[in-house]
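J.: Numbering (my numbering), first residue to last: 5 to 210.
A virtual CB, placed ideally from N, CA and C, is assigned to each residue, including glycine.
Model, not experiment: these values are computed from the prediction.
1. Nearest by alpha-carbon distance to residue 179: which of 133, 191 and 147 is it?
2. Start and end of the beta strand (DSSP E) containing residue 160?
3. Out of curiosity, what's the CA-to-CA distance linking residue 157 and residue 176?
4. Label residue 97 either buried or exposed according to how many other C-beta atoms from any shown protein chain fall within 10 Å of its C-beta, with 16 as the threshold for buried.
5. Buried or exposed: residue 128, going by 16 or more other Cβ atoms within 10 Å of its Cβ?
6. Is there contact between the region 149-164 and the region 114-129, where contact requires at least three CB pairs shorter than 8 Å?
7. For residue 176, list the residues DSSP reports as bridge partners.
8. Name the one or two DSSP bridge partners that residue 30 has.
9. Taking all protein chains shown into account, decide if residue 21 is buried (16 or more other Cβ within 10 angstroms of its Cβ) or exposed.
10. Among residues of its own chain, excluding the 5 on either side of residue 140, which ones have a beta-carbon nearer than 8 Å to its beta-carbon?
11. Write down the C-beta distance between residue 72 and residue 28 rounded to the nearest angstrom, noting that I regard them as a contact closer than 8 Å.
12. How long is the line joining the alpha carbons of residue 65 and residue 113, rounded to whole angstroms?
13. Mind checking residue 171: buried by the 16 CB within 10 Å criterion, or exposed?
14. Kindly indicate which three-state DSSP category residue 102 falls into: helix, strand or coil?
15. The beta strand (DSSP E) with residue 195 in it runs from where to where?
16. Using DSSP with H/G/I as helix, E/B as strand and the rest coil, what is residue 24?
17. Within this structure, are the beta carbons of residue 118 and residue 110 separated by less than 8 Å?
18. What number of angstroms, rounded off, separates the C-alpha of residue 167 from the C-alpha of residue 187?
19. Can you list, in chain order, the residues of its chain with a C-beta nearer than 7 Å to that of residue 47? Leave out the 5 residues immediately preceding and following it.
Next comes the structure, spelled out in structure tokens:
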């Protein structure tokens, strides 16, 4: 097995991540997506550092100088719209992993992390969305409590009409009131009384 084909897979605090590096690209670096930078003794150490953080998916490596090389860790790979960010840089090497997140499988603002599960990715969902691809948004605080019984009181995203025209929005959920059923907290910015008239029959507000 060649070094560039080497599969990295270990069990860590991040879970069981398996990544495969593609062929190195000499004299290339990916610009604009560096989120970590370290000095390491060799290429293998740089690859391991890429594995250890689930947000790293590619690396830029500088030349070996005085026993160390610069290892830049990126949050993107060269696929799709990022290809134009690859630039020539002499004596540097660019490596990227097989990245199932390029197709943006995580919905509703979820963060995709490559190298997990049989699909090659996992989704870290935003607060209030659920499912393997964050495809489900709670319709109310009580619905959210059903989906996630351990949810604590706080701000969440809900989508009362599902796939209807109304966009999801933030609400405050009280998860302990009313025997913990999940209550939407409503407030107003007026301290004056307001007379509501012309709505006498039951249900007319709907």
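T.: With the given structure in hand:
1. In the chain shown, the residue the question calls residue 179 occupies position 175. Looking at the Cα atoms, 147 is the closest of the given residues.
2. For this step, residue 160 is matched to residue 156 along the chain shown. Looking at the DSSP string, the run of the beta strand (DSSP E) that includes residue 160 is 158-162.
3. Within the chain shown, numbered from 1, the residue matching residue 157 stands at position 153. Within the chain shown, numbered from 1, the residue matching residue 176 stands at position 172. One C-alpha to the other measures close to 8 Å.
4. Within the chain shown, residue 97 is the residue found at index 93, counting from 1. It is buried - the Cβ of residue 97 has at least 16 other Cβ atoms within 10 Å.
5. Stepping through the chain shown from its first residue, residue 128 is reached at position 124. Burial call: exposed.
6. no
7. For the purposes of this step, residue 176 is taken as residue 172 along the chain shown, with counting starting at 1. Residue 176 is bridged to 159 and 189.
8. For the purposes of this step, residue 30 is taken as the residue at position 26 of the chain shown. Answer is 97.
9. Within the chain shown, numbered from 1, the residue matching residue 21 stands at position 17. Buried: at least 16 other Cβ atoms inside 10 Å.
10. Position 136 of the chain shown, counted from the first residue, corresponds to residue 140. For residue 140, where only same-chain residues beyond five positions count, the Cβ hits under 8 Å are 133, 134 and 151.
11. What you label residue 72 is simply residue 68 of the chain shown in a count that begins at 1. What you label residue 28 is simply residue 24 of the chain shown in a count that begins at 1. About 19 Å; that fails the 8 Å criterion.
12. The count along the chain shown starts at 1 and reaches residue 65 at position 61. The count along the chain shown starts at 1 and reaches residue 113 at position 109. Roughly 31 Å separates the two Cα atoms.
13. Position 167 of the chain shown holds residue 171. With fewer than 16 other Cβ atoms within 10 Å, it is exposed.
14. In the chain shown, counting from the first residue as 1, residue 102 sits at position 98. In this structure, residue 102 counts as coil in the three-state DSSP scheme.
15. Along the chain shown, one-based indexing puts residue 195 at 191. Unbroken run through residue 195: none, as it is neither H nor E.
16. Stepping through the chain shown from its first residue, residue 24 is reached at position 20. Residue 24: strand per DSSP, three-state reduction.
17. As a first step, residue 118 must be located in the chain shown, where it is residue number 114. As a first step, residue 110 must be located in the chain shown, where it is residue number 106. Taking 8 Å as the Cβ cut-off, residue 118 and residue 110 do not qualify as a contacting pair.
18. Residue numbering aside, residue 167 sits at position 163 when the chain shown is read from its first letter. Residue numbering aside, residue 187 sits at position 183 when the chain shown is read from its first letter. Answer to the nearest angstrom: the Cα atoms are 22 Å apart.
19. Against the chain shown, residue 47 aligns to sequence position 43. So the qualifying residues of the chain are 65.
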